[in-house]
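Protein chains: 2
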Amino acid sequence: MSPRIEIDRLFQALGDPTRRAIVDRLSLGPSSVSGLAAPLEITVTAVAQHLQVLEAARLVRTEKAGRVRTCRIAPEGFARLERWIADHRAQWERRLDRLGDVLAEDGDD
Amino acid sequence: MSPRIEIDRLFQALGDPTRRAIVDRLSLGPSSVSGLAAPLEITVTAVAQHLQVLEAARLVRTEKAGRVRTCRIAPEGFARLERWIADHRAQWERRLDRLGDVLAEDGDD
DNA sequence: TCATCGATGAAGTCATGACTTCACTATCAG
DNA sequence: CTGATAGTGAAGTCATGACTTCATCGATGA
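Protein chains in written order, with the numbering used here: chain L, 12 to 120; chain V, 12 to 120.
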């Protein structure tokens with residue numbers, strides 16, 4: 012699967028405040044779907060939809076035991092995210108370095 | 012201003028592929044608005060709108076000299092982003108640690 | 001000075017996406 | 001079996017947001 016799409020899903024998933032609230036909650040520990048819905052004051056259906064998005068982005072992993080689905084944080088998505096930021100930071104900082112070489116050619120710090 | 016809103020703007024800004032393309036481009040070095048528009052095959056107006064979003068999220072800084080507006084990466088937004096991820100990672104990893112004390116098992120990626 | 005170029009503002013279109021409700025399935029307790 | 005519980009699927013509503021076009025403005029160079 013294209014890495015572009017992957018990153019897309021990641022940022023799109025975290026772009027929604029409700030979904031970030033779910034992530035916040037799951038950072039504290041696993042929860043059921045209805046357990047997530049309660050403090051958010053939205054329907055269980057809505058939460059389930061958000062969970063699909065979060066799972067597709069690999070930010071959350073869920074498994075169903077009996078009739079209850081347990082949701083927990085999935086580190087992969089976050090790792091991917093960190094890498095994206097690190098890559099970009101590296102890119103523009105490298106450029107600033109080269110620029111520094113030219114502008115401050117009589118000895119810099 | 013609430014930090015929630017700030018993070019919101021950040022993820023929402025990067026949730027759009029076109030805006031990420033702009034960030035990609037600017038990581039390589041500064042550019043004018045029309046310089047950004049050309050490879051994206053959208054109107055200059057559209058790019059200007061995206062730039063407003065990116066500036067509000069502190070991911071990009073722009074300044075106008077004469078009739079040309081020069082756009083460059085702004086590190087603050089990215090720093091904010093990194094901190095958000097680090098905070099969350101810390102939170103759930105701390106929890107896994109406590110759990111690990113009890114269960115003593117597994118390692119992850 | 002005048003034509004052009006880079007950018008901006010206003011307003012409209014169109015798709016997407018965050019919800020809801022309602023109907024339904026599957027599990028568990030009595 | 002019966003009834004409550006946990007979640008899923010389908011379909012509809014409503015707002016937001018990513019574009020466009022058109023008109024305009026200020027800087028610039030011939």
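For every residue, glycine included, the Cβ atom is placed at its ideal position computed from N, Cα and C.
Look at the segment 95-106 of chain V: the residues with a C-beta under 8 Å from a C-beta of chain L are 96, 99, 100, 102, 103 and 106. Spatial neighbours of residue 43(V) in its own chain (CB-CB distance under 8 Å, excluding positions within 5 residues in sequence) are listed in chain order as 79, 80, 81 and 82. By the Cβ rule, the segment 15-27 of chain V counts as touching the segment 14-31 of chain L, because three or more pairs are nearer than 8 Å.
By the 16-neighbour rule on beta-carbons within 10 angstroms, residue 48(V) is buried. Contact of residue 38(V) with chain L by beta-carbon distance below 8 Å involves 99, 102, 103 and 106. Put simply, the backbone Cα of residue 92(L) is about 7 Å away from that of residue 18(L). Within chain L, the residues whose beta carbon sits less than 9 Å from that of residue 93(V) are 93, 96, 97 and 100, listed in sequence order.
Around the beta carbon of residue 73(V), a 10 Å sphere encloses 16 or more other beta carbons of the protein chains shown; the residue is thus reported as buried. Note: residue 79(L) is bridge-paired with 76(L) in the DSSP secondary-structure output. Closer than 7 Å to the CB of residue 26(L) there is at least one CB belonging to chain V.
Look at the segment 61-89 of chain V: the residues with a C-beta under 8 Å from a C-beta of chain L are 84, 86 and 89. In the displayed model, residue 53(V) falls within coil according to three-state DSSP, outside both helix and strand. The Cβ atoms of residue 85(V) and residue 70(V) lie closer than 7 Å to each other. Relative to residue 109(L), the option among 34(V), 35(V), 39(V) and 96(V) whose CA is nearest is 39(V). By the criterion of a C-beta distance shorter than 6 Å, residue 95(L) is surrounded in its chain by 18, once the five residues flanking it on both sides are discounted.
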